[in-house]
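Enquirer: For reference, the structure I am asking about is given below.
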Amino acid sequence: MKKVSVVPDFYILGVNVEDLPEPKKVAVISEVCDCYDKYGGIMHINGGNYHSEIIVYEIPDTSYYLLKYGNTRETFEGDEYNGIIILINGKPAYGLLIRNDESYALYHKKKARKILKSYEEDENYYVVYHNED
Numbered sequence: 002m003k004k005v006s007v008v009p010d011f012y013i014l015g016v017n018v019e020d021l022p023e024p025k026k027v028a029v030i031s032e033v034c035d036c037y038d039k040y041g042g043i044m045h046i047n048g049g050n051y052h053s054e055i056i057v058y059e060i061p062d063t064s065y066y067l068l069k070y071g072n073t074r075e076t077f078e079g080d081e082y083n084g085i086i087i088l089i090n091g092k093p094a095y096g097l098l099i100r101n102d103e104s105y106a107l108y109h110k111k112k113a114r115k116i117l118k119s120y121e122e123d124e125n126y127y128v129v130y131h132n133e134d
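Heads up: the sequence shown begins at 2 in this note's numbering, then just goes up one per residue.
Below, the structure is given as structure tokens:
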């Protein structure tokens, strides 16, 4: 079994997070938009009514998914980022930039699938799966 861990850093073991490939995006969980009901138009891009968004990444050749918790806010000049490096058996394999208002969690696939299922059943969210050929 491969050991998977996440290190919050931009540079580790001689590798820069931006030089590593991102893990495979498999789904996006989004809060249902209520902008029209509240404001009569879209307000979630940078209008202040942001919606939660979770991006689900599969860590290839392992039993893990990484969930990145964020929202629909676009980035602003001056936003700060944290790098995370995903280690497989102690070696850098994948990297992601996480905006300072985002967070992440590493889950075994079985637990991650339960989380996805709970959002599929919640009428306040929708799940879009990404299938690459």
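All C-beta atoms, glycine included, are put in the ideal place defined by N, C-alpha and C.
Return helix, strand or coil for V33, following the three-state DSSP convention.
Expert: Within the sequence shown, the letter at position 32 stands for residue 33. In this structure, V33 counts as coil in the three-state DSSP scheme.
Enquirer: Classify R74: buried if its beta carbon has 16 or more other beta carbons within 10 angstroms, exposed otherwise.
Expert: Here residue 74 refers to the residue found at position 73 of the sequence shown. Buried: at least 16 other Cβ atoms inside 10 Å.
Enquirer: Could you tell me the distance, in whole angstroms, from the CA atom of D134 to the CA atom of I60?
Expert: The count along the sequence shown starts at 1 and reaches residue 134 at position 133. The count along the sequence shown starts at 1 and reaches residue 60 at position 59. Any answer about D134 is weak, because its pLDDT of 44 lies below 50 and its placement is not dependable; what the coordinates show is given next. The alpha-carbon atoms of D134 and I60 are separated by roughly 17 angstroms.
Enquirer: So what does DSSP say about G42, is it helix, strand or coil?
Expert: Looking up residue 42 in the sequence shown gives position 41. In this structure, G42 counts as coil in the three-state DSSP scheme.
Enquirer: Would D62 and K3 be called neighbours here (beta carbons separated by less than 8 angstroms)?
Expert: Your numbering for residue 62 matches position 61 in the sequence shown. Your numbering for residue 3 matches position 2 in the sequence shown. Yes, the Cβ-Cβ distance between D62 and K3 is below 8 angstroms.
Enquirer: Report the three-state DSSP secondary structure of K26 (helix, strand or coil).
Expert: Taking the sequence shown and counting its residues from 1, the one referred to as residue 26 is at position 25. Three-state DSSP puts K26 in a strand.
Enquirer: Could you give the distance in angstroms between the alpha-carbon of K111 and the alpha-carbon of P9?
Expert: Numbered from its first residue, the sequence shown carries residue 111 at position 110. Numbered from its first residue, the sequence shown carries residue 9 at position 8. Approximately 24 angstroms, taken between the alpha carbons.
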